[in-house]
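Colleague: In order, the protein sequences belong to chains A and B. Numbered per our numbering, the first sequence spans residues 1 to 115. Numbered per our numbering, the second sequence spans residues 1001 to 1114. No residue lacks a Cβ here, since even glycine has one placed at the ideal position from N, Cα and C.
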Amino acid sequence: TQLLEQSPQFLSIQEGENLTVYCNSSSVFSSLQWYRQEPGEGPVLLVTVVTGGEVKKLKRLTFQFGDARKDSSLHITAAQPGDTGLYLCAGAWVGSGGSNYKLTFGKGTLLTVNP
Amino acid sequence: DVKVTQSSRYLVKRTGEKVFLECVQDMDHENMFWYRQDPGLGLRLIYFSYDVKMKEKGDIPEGYSVSREKKERFSLILESASTNQTSMYLCASSPTPGQIYGYTFGSGTRLTVV
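#1: Tell me the start and end of each unbroken beta strand (DSSP E) in the stretch 1059 to 1110 of chain B that is at least 3 residues and wholly inside, in chain order.
#2: Please work out which residues of its chain come closer than 7 Å, Cβ to Cβ, to S1065(B), disregarding the five sequence neighbours upstream and downstream, and give them in chain order.
#3: Given K1003(B), which residues of its chain have a CB within under 6 Å of its CB, disregarding the five upstream and five downstream residues?
#4: Using the Cβ count rule (16 or more neighbours within 10 Å means buried), how would you classify M1054(B)?
#5: Is the stretch 1014 to 1023 of chain B touching the stretch 102 to 112 of chain A in the sense that three or more CB pairs, one from each, lie closer than 8 Å?
#6: Rounded to whole angstroms, what's the CA-CA distance from T1005(B) to W1034(B)? Just pull it up for me.
#7: Output the boundary residues of the beta strand (DSSP E) element that contains R36(A).
#8: Using only alpha-carbon positions, find the residue among L1111(B), V1113(B), S1093(B) and G1102(B) that is nearest to D1028(B).
#9: Count Cβ pairs between the stretch 33 to 52 of chain A and the stretch 6 to 20 of chain A that sit closer than 8 Å; are there 3 or more?
#10: Can you list, in chain order, the residues of its chain whose CB lies under 6 Å from that of F105(A), leaving out five sequence neighbours each side?
#11: So what does DSSP say about S96(A), is it helix, strand or coil?
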């Protein structure tokens, strides 16, 4: 099983601040996805990055995939209370046979944005 | 809007009971998954299926089994529920390749075994 480490585990900030959360592994991933999960709900896909060095933007969220495809970051600009939630990264590792059908999830970063 | 529907949001069962968790998706996805989510442990894969009647063990299959008789339905079975199976259970589905298109999750079933 491939491991994904997310940091920080918890983050509490004020509205308007910027933040970055990280997702790291010693393994190479064929793609990496970011999800957000709100209390009592399932995770919701935010973005998929596939190419090393790729940068994707989703409004105030910027996602980057590392050149070596072993790490990723999520940067939020001017955070708002609506950004509060558990942010999960998930990597699909380069495997054989049926392995490509699975994702490995990190434990997540719990973000709280205070008004 | 595409959906993954889990039959129950909350469930309380007694130790030793046989428990069925049902998941239905309306997106014609080939792949379906069962995860459990626990504080400090994250999401852990129990079983997955990439075709009807096909199943493969995930990282923590012990004490669980699954059934996929139809493409849209994937059932998780706790053969004899134990207190350490108290958890949030999440079902997900994806088209192929799931690593590109991502997973669609249900809202989860919070199971308590007493």
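Modeller: Per the coordinate set shown:
#1: 1064 to 1070, 1073 to 1078 and 1087 to 1094, all fully within the stretch 1059 to 1110 of chain B.
#2: The residue labelled residue 1065(B) in the question sits at position 65 within the second sequence. Excluding positions up to five away in sequence, the list reads I1077 and E1079.
#3: Numbered from its first residue, the second sequence carries residue 1003(B) at position 3. Cβ within range, chain order: D1026.
#4: As a working note, residue 1054(B) is residue 54 in the second sequence. By the neighbour-count rule (16 or more Cβ atoms within 10 Å), M1054(B) is not buried but exposed.
#5: no
#6: Within the second sequence, numbered from 1, the residue matching residue 1005(B) stands at position 5. Within the second sequence, numbered from 1, the residue matching residue 1034(B) stands at position 34. The alpha-carbon separation between T1005(B) and W1034(B) amounts to approximately 13 Å.
#7: For the purposes of this step, residue 36(A) is taken as residue 36 along the first sequence, with counting starting at 1. From DSSP, the beta strand (DSSP E) with R36(A) extends over F29 to Q37.
#8: By 1-based counting over the second sequence, the position of residue 1028(B) is 28. Ranking L1111(B), V1113(B), S1093(B) and G1102(B) by Cα distance to D1028(B) puts S1093(B) first.
#9: Contact between the stretch 33 to 52 of chain A and the stretch 6 to 20 of chain A is absent, because fewer than three Cβ pairs lie under 8 Å.
#10: Against the first sequence, residue 105(A) aligns to sequence position 105. Answer for F105(A): L88 and A90, listed in chain order.
#11: Taking the first residue of the first sequence as 1, we reach residue 96(A) at position 96. Interpretation of S96(A) is limited by its pLDDT of 47, a score under 50 that renders its predicted location unreliable; no figure is taken from the coordinates.
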